[in-house]
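Q: Provided herewith is a single structure, encoded as structure tokens, for subsequent inquiry.
Structure below.
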């Protein structure tokens, strides 16, 4: 971080809450750095518009193309058109559409797929277009292409970034084999309000966990080289604070402080930037009244200027046109000008940038410069993907047939599903079920619902390739065990309930697996819920089954935390299975029958009731911290306990683990070493997720009660021990101040290690002796972990 950048940030940050959209007549995007720099001098005209941006930082090929393009062809590169619908891909690729490609009116397509049809479309672009510029093909490959993995929130529950990295690499392999270059993932929005439906698409509530999962996905999708034919471009989204809409209502305003923005909601984007994400997507929402798609401060000053992001930025679907709805633009032309000045390069589907700003560009040299910079970033992205040199590399139909849903890919999906499940409750060691002959009743329509296991974003996943929860349990049942089934009720009101039949099935069973929760259509985009308790028919079914007096294990199917206080209390065990993808049933069977001990952990807490959200373990203590004693006036609800139903980081095992003392040492270079001995004191080989938290108890700005600063998931055989050592930089203790930026303050830092945010096993202190400015979000910095 340079002093100039730091000074710019401070100046802009000081006026953050009062910043206007049109702070100057011309955009000031940061320097664009391409892989092959040229040395042509900057023209006086462009220098007058921006001191930091020059097309001369692009390759000679890109500069040459930009210089040859007409203004209409430049605007065409900004156009991402829908080649179909999400459920009807390629359906809009008509002869008329091909004429647009030939004339240079399209830069990219989404809602397209298939090596052969996209190969034909690409040939039109490179062989019949005037300049031979290739097209970019994109799709929402969110948690798998044909091989569908658990939904992202479930993947985060693995607390294992390598699982996400492998899944993203497989997704890239399959998507690229089907002609695609680009995915609109990872979604790294930190979300702490489970009423928000899109919480299912992210990594949960914590900026450190979210940062590690963001990096894993970027590295998985993009591999070592974007030019390789089995990698795809990542689009980290939704920049900048989409996951914190007022009231949890999707698309709503993020009315948050600058400190909260910088410390909680932006670190994962920073981490993705430093991991090399090739593109970013702006969010639908506004932050303190400034829509993200027109936010020059966030896009040009922070993302490009301070962080050095040198990739392409795309709007979300129709978001440029929707600046009118926000009330910051009166016409589509004004909306397009705002977006282009802010640094948006490509317009997803609204057609505003390609068709409404030509006159404005012709009348404004600075805007013309912004257009050229946007086109250069798009062309450089295509260059980095190797599309100019080998545009047909993604259109091998034999590779497509061999790659999709291979045995190895399916096994990886199985492993990810097993690692994602979280055992929330297990009284009297109800799980795993005995392998002795018995009758197990599986109750609940979700048990045979294959569509829900694919989640709300399913790319090219097919229901007939899903192993349902019921199928997996039946196929893997131990010898002599009978698995019966009754639907009882399904969350969809379109499915008729048959609770009496379910009760009869339960009465004849030794054990009941009650499969309840949400279906896929209750989680996802535009699926915010004011009440996150179970749908009524699920509650009615659960109550009826509990009344039988039989041992009941809840298998929870969901894309968000649910308020299940009463149901969890009545059940003997609760296993959170999320939505697990193609291998859902086989993975569940592994855990239920005891072939694998569950070790997933919650990436966000479960509330007792809807009214308790949003809430997080890392909230500020306040002047009157929450106290269980109702005779005291403290920061709490008087009608529920001060603890969540299940805390952040929570998850049980079929074994038990003992923790030794947490020891600390500060090395000569300032690095902090923290070590703890963890022993598997049970009789089952199992994984433990060792979690490291910190707190700055005295600072110039109030600090959270606890902040995650490291974790590792490690396998420990029964009776064995492992020494886990965390190595941190003092920069990871930094705080953000509006006038100071990121700074490390001298003083005592408390460190805690344990099995969840509420299950701390050991503590220690260290002393920071020297303060300094860092310029880096503390939560975005990876902690090094070794296990011996």
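Numbering (the working numbering), first residue to last: 264 to 1051.
Ideal Cβ placement from N, Cα and C applies to all residues, glycine included.
1) Pull up the distance between the alpha-carbon of residue 474 and that of residue 376, whole angstroms please.
2) Look up residue 973 in the DSSP assignment and give the residues it is bridged to.
3) Nearest by alpha-carbon distance to residue 612: which of 913, 757 and 577 is it?
4) Quick check: the Cα distance between residue 792 and residue 478, rounded to an integer number of angstroms?
5) Going straight from the alpha carbon of residue 419 to that of residue 390, what length do you get?
6) Measuring CB atoms only, is the region 884-900 touching the region 917-928, in the sense that at least three cross pairs come out at less than 8 Å?
7) Scan the region 551-619 and note each continuous beta strand (DSSP E) run of 3 residues or more that stays entirely inside, going in chain order.
8) Where do the ends of the alpha helix (DSSP H) carrying residue 643 lie?
9) Could you check the C-alpha separation between residue 801 and residue 754 for me, to the nearest Å?
10) Am I right that residue 531 and residue 501 are in contact with their C-beta atoms under 8 Å? What's the rounded C-beta distance?
11) Compare the C-alpha of residue 841 against each of 345, 400 and 414 and name the closest.
12) Where does residue 984 sit, in a helix, a strand or coil, going by DSSP?
13) Please work out which residues of its chain come closer than 6 Å, Cβ to Cβ, to residue 572, disregarding the five sequence neighbours upstream and downstream, and give them in chain order.
14) Using only the alpha-carbon positions, how far apart do residue 289 and residue 604 sit?
15) In the DSSP assignment, what residue or residues form a beta bridge with residue 402?
16) If we count Cβ pairs, one from each stretch, closer than 8 Å, do we get three or more for the region 446-464 versus the region 497-512?
17) Let's test the definition: count the other Cβ atoms within 10 Å of the Cβ of residue 595 and tell me whether it reaches 16, buried, or not, exposed.
18) Are the Cβ atoms of residue 787 and residue 719 separated by less than 8 Å?
19) Report buried or exposed for residue 944, applying the criterion of at least 16 other Cβ atoms within 10 angstroms of its Cβ.
20) Which full runs of the beta strand (DSSP E) of 3+ residues lie inside the region 723-779, going along the chain?
21) Which two residues bound the contiguous beta strand (DSSP E) that contains residue 343?
22) Under 8 Å, do residue 1016 and residue 952 count as touching if we go by C-beta distance?
23) Determine, using beta carbons only, whether residue 385 and residue 654 come nearer to each other than 8 Å.
24) If we call anything under 8 Å between Cβ atoms a contact, is residue 668 one with residue 410?
25) On the DSSP bridge list, what partners appear for residue 1011?
26) Between residue 739 and residue 705, what straight-line distance do the alpha-carbon atoms span, to the nearest angstrom?
27) When DSSP labels each residue in this structure, what does residue 218 get in the three-state scheme?
28) What would DSSP say about residue 374, mapped onto helix, strand or coil?
29) Got a sec? Which residues, its chain only, sit under 6 Å from residue 356 by beta carbon, not counting five neighbours each side?
30) Should residue 607 and residue 540 be called a contact, given that it needs their Cβ atoms to be closer than 8 Å?
31) Considering Cα atoms alone, identify which of 727, 340, 873 and 839 is closest to residue 638.
32) Taking Cβ to Cβ, would you say residue 835 is nearer than 8 Å to residue 691?
33) State whether the region 421-439 contacts the region 686-700, with contact taken as three or more CB pairs (one from each stretch) at a distance under 8 Å.
34) If you run the structure through DSSP and keep just helix, strand and coil, what is residue 816?
35) Pick helix, strand or coil for residue 328, following the three-state DSSP scheme.
36) Would you decide whether residue 756 is buried or exposed? Buried here means 16 or more other CB atoms lie within 10 Å of its CB.
A: The relevant details are as follows:
1) The count along the chain shown starts at 1 and reaches residue 474 at position 211. The count along the chain shown starts at 1 and reaches residue 376 at position 113. For residue 474 and residue 376, the distance between alpha carbons rounds to 30 Å.
2) Taking the chain shown and counting its residues from 1, one reaches residue 973 at position 710. Note: residue 973 sits in a beta bridge opposite 955.
3) In the chain shown, residue 612 corresponds to position 349, counting from 1. Residue 612 has its Cα closest to that of 577, out of 913, 757 and 577.
4) Within the chain shown, the letter at position 529 stands for residue 792. Within the chain shown, the letter at position 215 stands for residue 478. If I take the Cα positions, the gap works out to 30 Å.
5) Here the question's residue 419 lines up with position 156 in the chain shown. Here the question's residue 390 lines up with position 127 in the chain shown. Cα to Cα, residue 419 sits roughly 44 Å from residue 390.
6) no
7) 575-577
8) In the chain shown, residue 643 corresponds to position 380, counting from 1. Where residue 643 is concerned, the enclosing alpha helix (DSSP H) stretches over 628-647.
9) The sequence position of residue 801 within the chain shown is 538, counting from 1. The sequence position of residue 754 within the chain shown is 491, counting from 1. Cα-Cα distance, rounded: 6 Å.
10) For the purposes of this step, residue 531 is taken as the residue at position 268 of the chain shown. For the purposes of this step, residue 501 is taken as the residue at position 238 of the chain shown. The Cβ separation is near 11 Å, so there is no contact.
11) Locating residue 841 in the chain shown gives position 578, counting from the first residue. The option with the nearest alpha carbon to residue 841 is 414.
12) For the purposes of this step, residue 984 is taken as the residue at position 721 of the chain shown. It is a strand residue.
13) Sequence index remark: in the chain shown, residue 572 carries index 309 (1-based). So the qualifying residues of the chain are 536 and 566.
14) For the purposes of this step, residue 289 is taken as the residue at position 26 of the chain shown. For the purposes of this step, residue 604 is taken as the residue at position 341 of the chain shown. Residue confidence for residue 289 is low, a pLDDT of 42 falling below 50, so the modelled location carries little weight; the figure read from the coordinates is stated next. If you take the alpha carbons of residue 289 and residue 604, they lie about 7 Å apart.
15) Your numbering for residue 402 matches position 139 in the chain shown. BP columns for residue 402 point to 446.
16) yes
17) For the purposes of this step, residue 595 is taken as residue 332 along the chain shown, with counting starting at 1. Its Cβ being crowded by 16 or more others within 10 Å, residue 595 is buried.
18) The residue given as residue 787 occupies position 524 in the chain shown. The residue given as residue 719 occupies position 456 in the chain shown. Taking 8 Å as the Cβ cut-off, residue 787 and residue 719 qualify as a contacting pair.
19) In the chain shown, the residue the question calls residue 944 occupies position 681. With fewer than 16 Cβ atoms within 10 Å of its Cβ, residue 944 is classed as exposed.
20) 745-749
21) For the purposes of this step, residue 343 is taken as the residue at position 80 of the chain shown. Per DSSP, residue 343 belongs to the beta strand (DSSP E) from 342-345.
22) For this step, residue 1016 is matched to residue 753 along the chain shown. For this step, residue 952 is matched to residue 689 along the chain shown. No.
23) Position 122 of the chain shown holds residue 385. Position 391 of the chain shown holds residue 654. Yes.
24) On the chain shown, position 405 is the one that residue 668 refers to. On the chain shown, position 147 is the one that residue 410 refers to. Yes, the pair counts as a contact, with Cβ atoms nearer than the cut-off.
25) For this step, residue 1011 is matched to residue 748 along the chain shown. Answer is 1030.
26) The residue given as residue 739 occupies position 476 in the chain shown. The residue given as residue 705 occupies position 442 in the chain shown. Cα-Cα distance, rounded: 14 Å.
27) Outside the displayed span of the chain (264 to 1051) sits residue 218, for which this structure offers no information.
28) As a working mapping, residue 374 is identified with position 111 in the chain shown. Reduced to three states, the DSSP call for residue 374 is coil.
29) On the chain shown, residue 356 is found 93 positions in, with the first residue counted as 1. Closer than 6 Å at Cβ, skipping near neighbours: 346.
30) Walking along the chain shown from the start, residue 607 turns up at place 344. Walking along the chain shown from the start, residue 540 turns up at place 277. The answer is no: Cβ separation not under 8 Å.
31) Here residue 638 is taken as the residue at index 375 of the chain shown, counted from 1. The option with the nearest alpha carbon to residue 638 is 340.
32) In the chain shown, residue 835 corresponds to position 572, counting from 1. In the chain shown, residue 691 corresponds to position 428, counting from 1. Their beta carbons are under 8 Å apart, which means residue 835 touches residue 691 by this criterion.
33) no
34) Residue mapping note: residue 816 aligns to position 553 of the chain shown, counting from 1. Correct three-state label for residue 816: strand.
35) Reading the chain shown from its first residue, position 65 is the one you call residue 328. Three-state DSSP puts residue 328 in a helix.
36) Mapped onto the chain shown, residue 756 falls at position 493. That one is exposed.
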